[in-house]
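Asker:
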Amino acid sequence: MRVKDFSFEEILARCLDEIATGADIEQVLARYPAYAAELRPLLEAALRLREVPVPPPRPQAVRQGRARVIARSGPLQASGWGWLQGRRWVSALLIAGLLLALLFGGGTLGVRAAEASLPGDPLYGLKLWKESLELAWAEWQGDPLPVLVGQLERRSEEIEALQRQGRPMHPAALQRSARLLVRLVILAERHPDHPLLRRRALQAIERHQAVLLALRDRVPPSARPALERALERANRAREVLSSTVPARPSPVPPPKSPPRGPGR
1 MRVKDFSFEE ILARCLDEIA TGADIEQVLA RYPAYAAELR PLLEAALRLR EVPVPPPRPQ
61 AVRQGRARVI ARSGPLQASG WGWLQGRRWV SALLIAGLLL ALLFGGGTLG VRAAEASLPG
121 DPLYGLKLWK ESLELAWAEW QGDPLPVLVG QLERRSEEIE ALQRQGRPMH PAALQRSARL
181 LVRLVILAER HPDHPLLRRR ALQAIERHQA VLLALRDRVP PSARPALERA LERANRAREV
241 LSSTVPARPS PVPPPKSPPR GPGR
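Take 1 as the starting number for the sequence shown in full-length UniProt numbering and just add one per residue.
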């Protein structure tokens, strides 16, 4: 059968099966180029979910989380998002993310520790997995740029925090930065009609580029290839956004009043 004969859910299920058997995510996506943009965040989220050791929640937290899911399911159904019902795998991943937020969210220490974690910390993988779900949701909503910019700003803050604490740079943050920058370039080329947001994105990229440049003489050899790739992506992103962000128009002086005639 041809690829177009399969539904998105069937293609996603095939990809998840291949990933589960050890296939490389890039090779899997190469077989479905038309769906790569939608598949990537889901497959990355699935990989992170498998890699992160999440402690089992307390029975009371499970009961509370289940009650919250039931309470929130009504507004979701009433909102008319009928397109979610036909996508079983997509719905399952979104529900898993909702369950995670409800079970470990709401001010609990677990989610706070994950949000405050830095590259190399035990809960950093959980933080990245949560970000993958947030990005996937934003892409389905049709406006992922604010989330992408926010996550790039977070990578800059993490790198600066590692430097302040004198901790070694972990390649995971640099690899994540490179992927975020690639997506920003793609979206910048596709949507050149958001000048205000694009200026914010350009500021975030320039800041991140400066943070990366400050690392060049400090990173261990194991992280140097990831740093160079991230710098290359940052340079490319800065070039693309600088060429497409419209310049501010220069103020136009008001027209001069016509000279008054004699006797006026």
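Using N, Cα and C, we set each Cβ at its ideal position, and we do this for glycine too.
Could you name each continuous alpha helix (DSSP H) segment of 4 residues or more that falls completely within the segment 111–179, going from the start of the chain to the end?
Answerer: Runs found: 124–141 and 145–164.
Asker: Answer yes if the segment 142–150 comes into contact with the segment 164–184, meaning at least three C-beta pairs across the two stretches below 8 Å, and no otherwise.
Answerer: In short, these stretches touch, since the Cβ pair count reaches three.
Asker: Use the C-beta contact count for A20: other C-beta atoms within 10 angstroms, 16 or more gives buried, fewer gives exposed.
Answerer: Translated into positions along the sequence shown, residue 20 becomes position 20. By the 10 Å Cβ count, A20 comes out exposed.
Asker: Would R164 pass as a contact of Q209 if the rule is Cβ separation under 9 Å?
Answerer: The count along the sequence shown starts at 1 and reaches residue 164 at position 164. The count along the sequence shown starts at 1 and reaches residue 209 at position 209. It is not a contact, given that the beta carbons lie outside the stated cut-off.
Asker: I need the DSSP call for H208, collapsed to helix, strand or coil.
Answerer: Indexing the sequence shown from 1 puts residue 208 at position 208. Three-state DSSP puts H208 in a helix.
Asker: Does the segment 117–133 come close enough to the segment 153–167 to have 3 or more Cβ pairs within less than 8 Å?
Answerer: At 8 Å Cβ cutoff, the stretches touch.
Asker: Cβ of P171 within 9 Å of Cβ of A234?
Answerer: Position 171 of the sequence shown, counted from the first residue, corresponds to residue 171. Position 234 of the sequence shown, counted from the first residue, corresponds to residue 234. No, the Cβ-Cβ distance between P171 and A234 is not below 9 Å.
Asker: In terms of residues, what are the limits of the alpha helix (DSSP H) holding V28?
Answerer: As a first step, residue 28 must be located in the sequence shown, where it is residue number 28. Note, V28: alpha helix (DSSP H), I25 to A30.
Asker: Do you know whose CA, among A114, E18 and L174, lies nearest L212's CA?
Answerer: Here residue 212 corresponds to residue number 212 of the sequence shown, with the count starting at 1. Ranking the options by Cα distance to L212, first place goes to L174.
Asker: Using CA atoms only, rank isn't needed, just tell me which of W129, A226 and L162 is closest to L47.
Answerer: Position 47 of the sequence shown, counting from 1, holds the residue named residue 47. Per the Cα distances, W129.
Asker: If you measure from the beta carbon of R236 to each beta carbon in chain B, is any gap under 9 Å?
Answerer: In the displayed structure, chain B is absent; only one protein chain is listed.
Asker: At the level of alpha carbons, what is the spacing between R176 and G125?
Answerer: As a first step, residue 176 is located in the sequence shown; it is residue number 176 there, counting from the start. As a first step, residue 125 is located in the sequence shown; it is residue number 125 there, counting from the start. Each residue's Cα considered, the two are about 11 Å apart.
Asker: Measuring only the C-alpha atoms, how far is A13 from Y35?
Answerer: As a working mapping, residue 13 is identified with position 13 in the sequence shown. As a working mapping, residue 35 is identified with position 35 in the sequence shown. Approximately 13 Å, taken between the alpha carbons.
Asker: State the DSSP-derived secondary structure class of D193, mapped to helix, strand or coil.
Answerer: Taking the first residue of the sequence shown as position 1, residue 193 is located at position 193. Three-state result, D193: coil.
Asker: In whole angstroms, what separates the C-alpha of V28 from that of S156?
Answerer: Residue numbering aside, residue 28 sits at position 28 when the sequence shown is read from its first letter. Residue numbering aside, residue 156 sits at position 156 when the sequence shown is read from its first letter. Their backbone Cα atoms lie some 30 Å apart in a straight line.
Asker: Measure the beta-carbon distance from A201 to L241 and round it to whole angstroms, keeping in mind my assumption that it falls under 8 Å.
Answerer: Within the sequence shown, residue 201 is the residue found at index 201, counting from 1. Within the sequence shown, residue 241 is the residue found at index 241, counting from 1. Confirmed, about 6 Å.
Asker: Give the DSSP-derived three-state secondary structure of L215 in the structure shown.
Answerer: Counted from its first residue, the sequence shown places residue 215 at position 215. L215: coil per DSSP, three-state reduction.
Asker: Give the straight-line distance between the Cα atoms of S243 and L180, rounded to the nearest whole angstrom.
Answerer: Along the sequence shown, read from residue 1 onward, the residue named residue 243 stands at position 243. Along the sequence shown, read from residue 1 onward, the residue named residue 180 stands at position 180. The alpha-carbon atoms of S243 and L180 are separated by roughly 19 Å.
Asker: On the three-state DSSP scale, how would you describe P225?
Answerer: Against the sequence shown, residue 225 aligns to sequence position 225. DSSP places P225 in helix when its eight states are reduced to three.
Asker: Measuring CA to CA, which of E10, L215 and R236 is closest to Y32?
Answerer: If you number the sequence shown from 1, residue 32 lands on position 32. Here the closest residue by C-alpha is E10.
Asker: Would the beta-carbon of A178 fall within 9 Å of that of A226?
Answerer: By 1-based counting over the sequence shown, the position of residue 178 is 178. By 1-based counting over the sequence shown, the position of residue 226 is 226. Yes, they are a contact pair.
Asker: Measuring straight from C-alpha to C-alpha, what distance separates L152 and P221?
Answerer: If you number the sequence shown from 1, residue 152 lands on position 152. If you number the sequence shown from 1, residue 221 lands on position 221. C-alpha separation (whole angstroms): 23 Å.
Asker: Classify E160 as buried or exposed, calling it buried when 16 or more other Cβ atoms lie within 10 Å of its own Cβ.
Answerer: As a working mapping, residue 160 is identified with position 160 in the sequence shown. The residue in question, E160, is exposed, as its Cβ has fewer than 16 Cβ neighbours within 10 Å.
Asker: Less than 9 Å between the C-beta atoms of E158 and P41, yes or no?
Answerer: To locate residue 158, count along the sequence shown from 1; it is residue 158. To locate residue 41, count along the sequence shown from 1; it is residue 41. In this structure, P41 does not lie closer than 9 Å to E158 by Cβ.
Asker: Which of the three DSSP states is assigned to P33 in this structure?
Answerer: Along the sequence shown, read from residue 1 onward, the residue named residue 33 stands at position 33. Correct three-state label for P33: helix.
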